[in-house]
Structures are given as structure tokens and as C-alpha cells.
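Novice: Mind the numbering: the sequence shown is residues 401 to 668 in the numbering used here, read in order.
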Amino acid sequence: MEKFTQWRDRGTGIAPFSPILATPTVRGYLGCIIRCIVFGLSVLTGWFGWIPIDFRAANVSSNKPLKGKDLGLKPGTAVIVNYTCPLDGYMTIAALRLAGADNIVLAIPHEDKSVSEVTAFGMLTEALSLPRTDPGSLDIETFIDQTEERKAVCAIFVEGTTSNGRAILPFMLPLIKITTRAKNPPLALALTYRPGNITTPLPRMFVSWLWTFCTSSKISVRARLSAPVSEPEDLAAALENAGRLKRVGPQLNIDSKRKFIKAYNARR
């Protein structure tokens, strides 16, 4: 990977687009058989609901029952989320439901600063695909207003494209558009997966990712929800702190990722 040093952040040394590789083991293959069975059942019972989530909310005791309003998750509240894996849509909904939110909508920003609402399954396919170049369907202000009218909480994957989960990419959507429009202070939700090789910083075929998913060792998700914050920079810091991650520089944006994908595929 040394030939890809130009896609390594100068400040942190992190290469957020490089795939995380793992060597399959006998135990992994046995786990694959079990997971293939479980995966088939999960399709019938709600998609990935069996994956354990270690969920915590800021300033809340782990043994205290959670209520969305107590955590600041009122209708129209925006939650920014990091973006790394095909499971993100499902795990975000699961985590916010654990936090007491009932109605949750998901959105991905586009390069023109607009957003598109997506389903959890849509997030799965987006995470396996090339970064989109088409415009979104709504501006963020309209989307937040509509979310409040629907009495829903909106989860926005502000990076707009996936990383390998080792850093936070430059935000495709200015956070000030979220903090100034939302009537309720927004929050940050950070998702971390173990093992890291189920993240998809590069486009993949679904079958290929599914094989990695099924042959991986024990899969778990760590979800951390911040307290509500009002300032854009505080919101960005909340996502960093919740995920124990650092933001990379603006040079590692979505255009840089497209160039990395082209260079990475050329070497193969």
C-alpha cells in the first residue's frame, strides 16, 4: 500500500480509503456456515437484527431506561452519523431505537450539498457502490422541515461516502446548515465495527462482501450517541469523540476517493 501514500492524511497518518484485509481461518470457515444459515433467517426476520450492539448515550447510566425525548431526540432532530459499512442503515436505526426514537429516516448528502432520503437497504447498496455524482432530491433545510412534519428523527451520513472506519472524512454537507435549521440541537452517533474488514471503503460486489461478512470472526457493533450540541464545530468534535476517531484533511474528499479507486483497481 506504500504506493498510495498520497492518499494518507498528513496530520494523522491515516489512510481512510484503504481496505482492511483479514486472513480466513478454519474457525472462520466454520463461522461462515453458521452465519450463512443465520443470514438466511435474518432476511426473514428483519435483516441483521441479531448482531449485538454495544450502545451508550452520553451522560446516561447504562442501566437506566432510555427515552428519546430525554436524550434530545425529538421530532425533527438531526443526528449526524459516520459512514463505513453496508450495515450502517440497519445499525443506525437499531441504535436510535435503543435510544428511544420511534420513527427514523436516513439521508445521504450529495456534492451539490443536497440530500436524498434512503432506506436501510438502500444504504447497503450505496455502501457497495461507486460514489454518486448525481444531484440529490432535496436541500437539507427542506428535508429537516419534512422530517419534523413526519414526527421523525433524521440520521444524516454527512461524509457522503464510506471510509474504512479509521477516521472521519471531510463532510460533504456543511454542518452549519444542520445546526441553524434544526429547531432542536443535533446529536452525533458514531458506529464502530469489529472486525474492521467488514467495512467497505472501496466498491464491492454484494456476494464478495457477504463472504467476508460470513467468514469474519465474531461481529459486533459499538454505537455511541453524543449529547445535543448547537455549534457546527462542537457537533464535528462530538462525532470524533463518540467514535474515538480523528478527522482527516480536506484533500481526502470524495474526488480524492474516486482517484484512489481508479489507482487501486489499476494495480490489480
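In this text, a Cβ means the ideal position worked out from N, Cα and C, and glycines have one as well.
Suppose the cutoff is 6 Å on Cβ atoms and the five residues either side in sequence are ignored; what does the same chain contact list for Pro-628 look like?
Specialist: For this step, residue 628 is matched to residue 228 along the sequence shown. For Pro-628, where only same-chain residues beyond five positions count, the Cβ hits under 6 Å are Gly-472, Pro-585 and Leu-587.
Novice: Let me know the secondary structure DSSP gives Phe-686 once reduced to three states.
Specialist: Nothing can be reported for residue 686, as the shown portion of the chain is limited to 401 through 668.
Novice: Mind checking which residues open and close the beta strand (DSSP E) that includes Ala-594?
Specialist: Translated into the one-based positions of the sequence shown, residue 594 becomes position 194. Looking at the sequence provided, one finds Arg at residue 594 rather than Ala. From DSSP, the beta strand (DSSP E) with Arg-594 extends over 587 to 594.
Novice: Would you identify the three-state DSSP class for Pro-509, choosing helix, strand or coil?
Specialist: Reading the sequence shown from its first residue, position 109 is the one you call residue 509. Pro-509: strand per DSSP, three-state reduction.
Novice: Return the CA-CA distance between Lys-618 and Ile-420, expressed in angstroms with no decimal places.
Specialist: In the sequence shown, residue 618 corresponds to position 218, counting from 1. In the sequence shown, residue 420 corresponds to position 20, counting from 1. The straight-line gap from Cα to Cα measures roughly 16 Å.
Novice: Using 10 angstroms around the beta-carbon of Leu-519, count the other beta-carbons present and answer buried if the total reaches 16, otherwise exposed.
Specialist: On the sequence shown, position 119 is the one that residue 519 refers to. Per the sequence shown, the amino acid found at residue 519 is Thr instead of Leu. Residue burial annotation: Thr-519 is exposed, with fewer than 16 other C-beta atoms found within 10 angstroms of its C-beta.
Novice: Which same chain residues end up closer than 6 Å to Arg-624 when comparing Cβ atoms and leaving out the 5 residues on each side of it in sequence?
Specialist: Numbered from its first residue, the sequence shown carries residue 624 at position 224. If we look at Arg-624 and ignore the five residues flanking it on each side, its Cβ neighbours are Arg-456, Ala-590 and Ala-642.
Novice: Would you be able to state if there are at least three C-beta pairs under 8 Å between the region 479 to 491 and the region 590 to 599?
Specialist: yes
Novice: Which term fits Ile-576, buried or exposed, when burial requires 16 or more other beta carbons within 10 angstroms of its beta carbon?
Specialist: The residue given as residue 576 occupies position 176 in the sequence shown. Ile-576 comes out exposed.
Novice: In the DSSP assignment, what are the bridge partners of Leu-530?
Specialist: For this step, residue 530 is matched to residue 130 along the sequence shown. None; Leu-530 has no bridge partner.
Novice: Taking a contact to mean a Cβ-Cβ separation below 8 Å, would you say Pro-416 touches Pro-531 in this structure?
Specialist: The residue you call residue 416 lines up with position 16 of the sequence shown. The residue you call residue 531 lines up with position 131 of the sequence shown. Not a contact, by the Cβ cut-off of 8 Å.
Novice: Tell whether a beta-carbon distance below 8 Å holds between Glu-559 and Tyr-483.
Specialist: Looking up residue 559 in the sequence shown gives position 159. Looking up residue 483 in the sequence shown gives position 83. Yes, the Cβ-Cβ distance between Glu-559 and Tyr-483 is below 8 Å.
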